[in-house]
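Taking it in order: structure first as structure tokens, then the write-up.
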Amino acid sequence: MQAMDERLVYSKTPKGAAEIAARSAALSMGARRVLILVDGKRTVADLAPLLKPGEIDGVLAQLEAQGFISRNQSFEPTRPATRALDLSVSLDVSTVGGLVEERNLLTLDEAKRRAVRELVELLGPDGETMSLRIEQCRNGDELRDRVREAERLVAGVLGEASAQDYMRALRRGR
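Position in the sequence shown (from 1) plus 1013 gives the number in the numbering used here.
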């Protein structure tokens, strides 16, 4: 099988949007994560880090075959202007236990991807609604508010220690 062009962009179909809400298909966690993040803007290259190396082509082919996603007609993705976002400042988490963390400058899209990836890893399907809210953030202020909500959600479901782990993972990146 020939590898997909990394510039290819997919959009969620109505069936895909319904699947996110209903969870009716037997999708793997990785396929579900990719389906959540398919937005008509992200390229195959943007989605690939969500899975193990070499898995993205098969997962996208599966989602497309099942009618959850479709290829965009325009092959060149339209990219929003990238704006550096200082995650440690934006999330007010620049110190932990008196230790100053290294500042990580991320674009808004990178920060959203990191926040969603870590949330899905911790909560699985229980984090989907919050993941979608994070994905819809249009600026750093909105993202900061959603990440605080995600932190409270993780604390409520898994405890305060897990919420602290979530925030450390956002700063550190994996």
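Using N, Cα and C, we set each Cβ at its ideal position, and we do this for glycine too.
With a cut-off of 8 Å on the beta carbons, I'd call residue i and residue j a contact; round off their distance for me.
i	j	result
Leu1076	Leu1060	That belief does not hold up - the Cβ atoms of Leu1076 and Leu1060 are roughly 10 Å apart, past 8 Å.
Leu1048	Glu1032	7 Å
Tyr1023	Leu1063	Their Cβ separation, rounded to whole angstroms, is 13 Å, which puts Tyr1023 and Leu1063 out of contact at 8 Å.
With a threshold of 16 other CB atoms inside 10 Å of the CB of residue i, please say whether the residue is buried or exposed.
i	result
Glu1164	buried
Met1143	buried
Gly1067	exposed
Arg1084	exposed
With H, G and I counted as helix, E and B as strand and the rest as coil, what does DSSP make of residue i?
i	result
Lys1028	helix
Leu1183	helix
Val1022	strand
Leu1171	helix
Pro1093	Residue placement at Pro1093 cannot be trusted, given a pLDDT of 44 that sits under 50; the coordinates are not used to answer.
Ala1176	helix
Could you give the residue range of the alpha helix (DSSP H) that holds residue i?
i	result
Ser1144	Glu1141 to Glu1148
Arg1126	Leu1121 to Leu1136
Val1072	Ile1069 to Ala1078
Gly1043	Met1042 to Leu1050
Ala1058	Val1057 to Leu1060
Under DSSP, the beta strand (DSSP E) around residue i begins and ends at which residues?
i	result
Arg1084	Ile1082 to Arg1084
Do the segment 1173-1182 and the segment 1141-1159 meet, that is, are 3 or more Cβ pairs less than 8 Å apart? no
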